[in-house]
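Below: the structure, in structure tokens.
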Amino acid sequence: MKKKSTYKLVSFVFLSQMLLTTPLQVLADEQVFSAEQPATTENHESFTSNDQTETTTDSSDTTGEDNTTDTTTDGSEETTPPSTGDSSEPTTPDTSEPTEPSTPPEETKPTEPTKPTEPTQPSQPEKPTTPPTGGSTGETQPTPQPSQPTPPVTAPATPVETTPAPAAPVVQEVRQPSATTPIQDLVPSSQETDEGSIHFEKDESVESFIRKIGESSREIGQENDLYASVMIAQAILESASGQSQLAQSPNYNLFGIKGTHNGNGVTFATQEDAGDGTLYTIQATFRRYENYEESLEDYAKLMREGLTGDSEFYSGVWKSNAETYKEATEFLTGRYATDTRYNEKLNGLIETYDLEQYDKEVAGPEINEEGYIVPLRNFTISSPFGPRGGEFHRGLDFAAPQGEPIYASKAGTVIRAEFHPSWGNYVAIEHEDGTTALYAHQQEYIVKVGDEIEQGQIIGFVGSTGNSTGSHLHFEISRDNSLAQAQLIDPALVLFGNNN
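With mature numbering (1 follows the signal peptide of the UniProt record, and there is no 0) applied, the sequence shown corresponds to residues -28 to -1, 1 to 472, in that order.
What follows is the structure in structure tokens.
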């Protein structure tokens, strides 16, 4: 009996040990599992808590870790902890309720996520601050994120760099053509043959440019003992007939003169000839003018006054020193331009476009008793004012060669400068006394509404635009600016009196 009791006691002790060991093991397993779980949460929280900006940037930096997986884990993690808690609770009840006291420690451990301090150590989020200097690709994506504001601080620095470079863009983007540029790129309808000779043919765009500067060149040439023909040819060559950016508004530099004018200059890239045909590129500052006439006058001043320390540097182009324009162009070669064929090109332009005509003196128009001048110098009257073939002819027609300069008959203000189906390109100028003159059928006009015009100033060129037969100027004078038929005056009476 005693033996039996001893046996039962041993069995009970053994059974108790087994029962106690099992729940402890289960509890240990659960603790391990729950300890691991918060670790994952800690890691992820540290990753996502640093703003989504860091997440995106980090994705580009840590290629080894799959961010998609992280994000998915993030979504599933919120569901996992509840299930983990549930699974641990059923296990505990199975063993016995005494084990529940050991469960609280489990739940207290999740608070250990105070360890996020450790994840924060991976100052990986701070690494994104390195990409701004190294790789901007990663930074571009998080543009909307709040961490981006930091780069903007760097951005302002970049704009600051653009400000001091106003001249730089001009130098990089614009190339000022020079006489060394292939002739076909400077003058339309021209070419250099295989044998090396240069050939020109007339081109409307070049003729239009000549009309714009021709009369001014004639006048300035006469005043400064210079060949206007050479001046015009140089302007064609140096400015590509006014098409180079240096020659256009707001620069108006027709001759590629370097330096500044009244403190104004602009920087361009240009090519120079080493003297043996070899070209090299330089950056230089060129003078800037208000208009073409100012450019022509400054050119004449340079020819007359020469360079600092040598006032006669260009004296070989003066008419008093050069018997012909060819002597003047020869003198300019290698002196004004490094192009070794400069004179050949200038001579070809002068001959092709008959620029010698601008070297001749032309008497200015006479002012009549009424204070008007005849608007053309070379003309014939082709149609009078008044009834004509069952119609009423409103003005006086002057037949003249196309492109002939039209001069303002009287000083005044431009009130119209436009195209009309009948008058074509026309200009109307109102005079101080209220009378108004109209100039119609122009090939082109070179004034605009609001311009104050001096008497004798060129306002356009003879053409045959609108309802016109043949090249001529239709000229009207009205008592007021209405230009109504009832207010028209016979221009012949005003210009020629009764001696028409």
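Built from N, CA and C at the ideal position, the CB exists for glycine as well.
This structure is a prediction, so every number in the text was calculated from the model and none was measured.
- V421 sits in coil when the DSSP states are folded into three classes, being neither helix nor strand.
- Per DSSP, reduced to three states, the secondary structure at F285 is coil, with no helix or strand assignment.
- R190 is positioned such that its CB atom lies closer than 8 angstroms to that of Y330.
- Taken in chain order, the complete alpha helix (DSSP H) segments of 4 or more residues contained in the region 268 to 350 are 297 to 304 and 314 to 324.
- Residue nearest to A241 within the set I229, T232 and I254 is I254 (criterion: CA-CA distance).
- Within 10 angstroms of the beta-carbon of E210 lie 16 or more other beta-carbons, which makes it buried.
- In the same chain as Y286, and ignoring 5 residues on each side of it, the C-beta atoms closer than 6 angstroms to its own belong to M275 and G278, in chain order.
- In the three-state DSSP reduction, Q414 falls in the strand class (E or B).
- In the DSSP annotation of this structure, the continuous segment of the beta strand (DSSP E) that includes Q163 starts and ends at S162 to E164.
- The three-state secondary structure of K230, taken from DSSP, is strand.
- Only buried fits R183, as 16 or more other CB atoms lie within 10 angstroms of its CB.
- Its Cα nearest to that of A371, the residue V434 stands out among D405, G228, A207 and V434.
- Contact between the region 162 to 176 and the region 344 to 357 is not established, with fewer than three Cβ pairs separated by less than 8 angstroms.
- Its Cα nearest to that of E316, the residue E302 stands out among E302, R307 and Y325.
- The beta carbon of L467 is closer than 6 angstroms to those of Y344 and V346 in its chain, skipping five residues each way along the sequence.
- Taking the CA atoms as reference points, K420 sits about 19 angstroms from I449.
- Setting aside the 5 residues that flank it on each side, T407 is surrounded in the same chain by I449, S450 and R451, each with a C-beta closer than 7 angstroms to its C-beta; the list follows chain order.
- Judged by DSSP in its simplified three-state form, Y224 adopts coil rather than helix or strand.
- With a cutoff of 8 angstroms on beta-carbon distance, D197 and K273 are scored as not near each other.
- P154 sits in coil when the DSSP states are folded into three classes, being neither helix nor strand.
- Membership of R183 in the alpha helix (DSSP H) is indicated by the continuous run E176 to E195.
- Taking each of G237, L455 and Y271 in turn and checking the Cα distance to A256, the smallest one comes out for G237.
- Between H413 and H365, the CB-CB gap reaches or exceeds 8 angstroms.
- Secondary structure of L218 (DSSP, three-state): coil.
- A207 counts as buried, since at least 16 other C-beta atoms from the protein chains shown sit within 10 angstroms of its C-beta.
- Straight-line spacing of the CA atoms in G367 and T385 works out to 20 angstroms.
- Judged by their CB atoms, G438 and S394 are nearer to each other than the 8 angstroms cut-off.
- Y264 sits away from I192, with the two beta carbons spaced by 8 angstroms or more.
- Distance from the CA atom of G375 to the CA atom of V178, rounded to whole angstroms, is 12 angstroms.
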